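In the numbering used here, the protein residues as written are 15 to 128.
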């Protein structure tokens, strides 16, 4: 089954925008948490995105995989770094993570080819 991760990423953004209109206080707080979490610190923003991608794989979240694959590419992650992060996710998440790990690699490749 082939998924269009650009479309999925856009759907995530559209959903977040609707939630921002419907739950402005809560989403402002959530977005603030994200901004603080993904700021450079002891871990780089790229490393944090790789971690988030691995969590998205183990959580079996198509939207998370699309969003964080795109962000990994934007932050300069290499395919090899993404593959290693997926490997950790597979070790932690077993067979289902292997299925979603392949999806995550396809998503990263899709964004890298644009």
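From the three backbone atoms N, C-alpha and C, an ideal C-beta is built for every residue, glycine too.
Please read these numbers as outputs of a predicted model, since none were measured by experiment.
Residue i to residue j span [Cα, whole Å]
i	j	result
residue 88	residue 122	10 Å
residue 50	residue 113	31 Å
residue 67	residue 86	8 Å
residue 94	residue 64	11 Å
residue 92	residue 26	23 Å
residue 82	residue 75	11 Å
residue 28	residue 44	16 Å
residue 58	residue 108	27 Å
residue 46	residue 62	16 Å
residue 80	residue 118	7 Å
residue 48	residue 116	26 Å
residue 55	residue 105	27 Å
Contact check, residue i vs residue j, beta carbons under 9 Å
i	j	result
residue 60	residue 19	no
residue 23	residue 90	no
residue 69	residue 30	no
residue 72	residue 126	no
residue 120	residue 36	no
Run of the alpha helix (DSSP H) containing residue i, from where it starts to where it stops
i	result
residue 124	93-126
residue 23	19-36
**OP:** Specify whether the region 93-101 and the region 39-58 touch according to this definition: at least 3 beta carbon pairs, one from each stretch, less than 8 Å apart.
**Re:** Output reads no: the region 39-58 does not touch the region 93-101.
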